[in-house]
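Structure record follows, encoded as structure tokens.
Numbering (this note's numbering), first residue to last: 992 to 1581.
Okay, structure coming up:
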């Protein structure tokens, strides 16, 4: 993961942002707490009085709406409530037309209504009824006197039975004129249930017709094709539903909507209620003054918040600076004794510590490789120079004659020096990115055939069979001289490490995207521990570092660099005693 992808909750920006938010929240919370503590009692008192007055006015207006079909005669009721509470009361239609006003001589301020007066949709904040429809709305359920008297007789019979069982009760009438027996003491003998079953207060004809009409409206909501599937009781609960396709909650929702449709003609239309100041016509706005005690409290809390902010900032700053100081101390250690970087966090500082630690490790590895390189170069150059010097001194001392054989020997040693210098030059150019290539479209078969023929003499001399297996001949964009250098190096190595009677196979096969060239031998193979080292510079399996097996240890590193310069790869696979396979992969020409 790169430092730019540090998650916000782990980054320095996230920490600073969180600290700022924490400070802001603390300050806001302290200020809000002071405001609440200083004004909550006065606000509760004022709100309690205002809410009680508003509920009283709202309940009066709802009662009027529930018992009247319109607002025609509401003005006296509005004026009486306004005088009683000392408030201005205004009723308006939805389009802000005045229905009634306790102060009609001054235009009302109608910015925001206190409530909507609708007997069929009660405001839960101003009404204590569990039903959204006011219980004073009677509609078609208002019983005529004949049905009331019949129910009263049944209720008295039920009352006498209940009282005879030792339970106290009384008869009350609801807004619809229906009597009911209300129990006022505990029933320990189950007398009430027995007496109600003995003298039930059944549904009257008026209620039955109204409930049938309600069921019809609910069925319209359900969009049924045939009516008569719904049966309701006088509490508007579902007693029966002949069609089981409908969900009970949907049915109950349709019944509630049907009740509103059924009762709407019997109540006044919804109106906007405005309760305002009688003098200004504006909504009441209580004014509170801040006491000296509260002012002192504000000062102390402000000081406390400031001190807490300073302390939190100092702690956060020290926590952020501590790892930076540790990194500075670690980076200032001498190069010979590097200290481990303090790697703990997973934020930007943690990534910086890892980057510094990686850079230190790479620097140490590079320094170690440089020392090894100097030692290896000195060793490789010392041998031929020592030989040349020894033979020249021997010739000067006339120990050996200066004949053509000596000249050939000196020429061979000079050639070896030249090859080593050329190899080092190629590696230096590759490391610097200046390795010169002259790519051109070539046919690999021709190049590989030429290389095989050039190495056949060395193979015959070593008693090794050289086999070529070339399949396909797609064009490849490559430098022909460098390709011969790579493959020739691989072939010469394979022949060198294969005993007499062995086989070296040069094969080539193409895929859709690349050309695969492999050099496979049946030689001694490479130990698993040594296989990762074969591309290291100056490394040879012969630990004695003699040229009994030939080579300077630079061929394979140069071959890999050349392969990479062509956009390809060079890999090795080997098993001791079974041989080695070197695989070169080059991309095909587009």
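C-beta: ideal position from N, C-alpha, C; glycine also.
Straight-line gap, residue i to residue j (C-alpha atoms, nearest Å)
| i | j | result |
| --- | --- | --- |
| residue 1517 | residue 1489 | 12 Å |
| residue 1223 | residue 1020 | 54 Å |
| residue 1045 | residue 1012 | 41 Å |
| residue 1231 | residue 1079 | 50 Å |
| residue 1535 | residue 1502 | Model confidence at residue 1535 stands at a pLDDT of 42, short of 50, so the residue's coordinates are unreliable; what they give is reported in the following sentence. Using only the alpha carbons, I get a separation of about 42 Å. |
| residue 1537 | residue 1487 | Its pLDDT being 45, under 50, residue 1537 is placed unreliably in this model, and the coordinates cannot settle the point. |
| residue 1119 | residue 1127 | 13 Å |
| residue 1175 | residue 1247 | 31 Å |
| residue 1519 | residue 1563 | 11 Å |
| residue 1181 | residue 1269 | 56 Å |
| residue 1433 | residue 1447 | 22 Å |
| residue 1081 | residue 1234 | 48 Å |
| residue 982 | residue 1169 | Lying before the first or after the last residue shown, residue 982 is absent from the chain, which here runs from 992 to 1581. |
| residue 1343 | residue 1294 | 38 Å |
| residue 1405 | residue 1475 | 23 Å |
| residue 1464 | residue 1492 | 30 Å |
| residue 1063 | residue 1188 | 45 Å |
| residue 1579 | residue 1565 | 27 Å |
| residue 1238 | residue 1076 | 48 Å |
| residue 1258 | residue 1146 | 29 Å |
| residue 1227 | residue 1255 | 16 Å |
| residue 1216 | residue 1151 | 48 Å |
| residue 1396 | residue 1402 | 10 Å |
| residue 1390 | residue 1509 | 50 Å |
| residue 1177 | residue 1073 | 43 Å |
Residues of its chain near residue i, where Cβ-Cβ distance is below 6 Å and the 5 sequence neighbours each way are ignored
| i | result |
| --- | --- |
| residue 1569 | 1516 |
| residue 1055 | 1065 and 1068 |
| residue 1456 | 1494 |
| residue 1511 | 1496 and 1572 |
| residue 1070 | 1093 |
Local conformation of residue i per DSSP, three classes
| i | result |
| --- | --- |
| residue 1583 | This structure does not reach residue 1583, given that the chain is present from 992 up to 1581, and the question cannot be answered. |
| residue 1516 | coil |
| residue 1228 | coil |
| residue 1501 | strand |
| residue 1401 | helix |
| residue 1108 | strand |
| residue 1097 | coil |
| residue 1451 | helix |
| residue 1354 | helix |
| residue 1508 | strand |
| residue 1496 | strand |
| residue 1128 | coil |
| residue 1215 | coil |
| residue 1173 | strand |
| residue 980 | Past the boundaries of the shown model lies residue 980; the chain is included only from 992 to 1581, so the question cannot be answered. |
| residue 1523 | helix |
| residue 1466 | strand |
| residue 1314 | helix |
| residue 1348 | helix |
| residue 1059 | coil |
| residue 1554 | helix |
| residue 1395 | helix |
| residue 1133 | coil |
Element boundaries [beta strand (DSSP E), containing residue i]
| i | result |
| --- | --- |
| residue 1575 | 1570 to 1578 |
| residue 1561 | 1560 to 1566 |
| residue 1545 | Note, residue 1545: premise wrong, no beta strand (DSSP E); not H, not E. |
| residue 1221 | 1221 to 1223 |
| residue 1432 | 1431 to 1434 |
| residue 1391 | Note, residue 1391: premise wrong, no beta strand (DSSP E); not H, not E. |
| residue 1091 | 1089 to 1092 |
The ligand FMN heavy atom lying under 7 Å from the CB of residue i
| i | result |
| --- | --- |
| residue 1261 | This structure lacks the ligand FMN; in fact it carries no ligand of any kind. |
First and last residue of the uninterrupted alpha helix (DSSP H) at residue i
| i | result |
| --- | --- |
| residue 1081 | First-last for residue 1081: 1079 to 1083, but that is the beta strand (DSSP E), not the alpha helix (DSSP H). |
| residue 1471 | 1471 to 1487 |
| residue 1070 | 1066 to 1076 |
| residue 1164 | Here residue 1164 belongs to no alpha helix (DSSP H); instead the beta strand (DSSP E) covers 1160 to 1164. |
| residue 1137 | 1136 to 1155 |
Cutoff 8 Å; reference residue i; Cβ partners in own chain excluding five residues on either side
| i | result |
| --- | --- |
| residue 1173 | 1160, 1161, 1162 and 1163 |
| residue 1200 | 1131 |
| residue 1142 | 1134, 1169, 1170, 1192 and 1195 |
7 Å CB neighbourhood of residue i in its chain, flanking five on each side removed
| i | result |
| --- | --- |
| residue 1148 | 1190 |
| residue 1576 | 1505, 1507, 1559 and 1560 |
| residue 1218 | 1207 and 1210 |
Next item on the list: Could you pull out every unbroken alpha helix (DSSP H) segment of at least 4 residues lying fully inside the stretch 1175 to 1210, listed in chain order?
Entry: 1182 to 1189
Check: Which runs of the beta strand (DSSP E), 3 residues or longer, sit entirely within the stretch 1237 to 1266?
Finding: none
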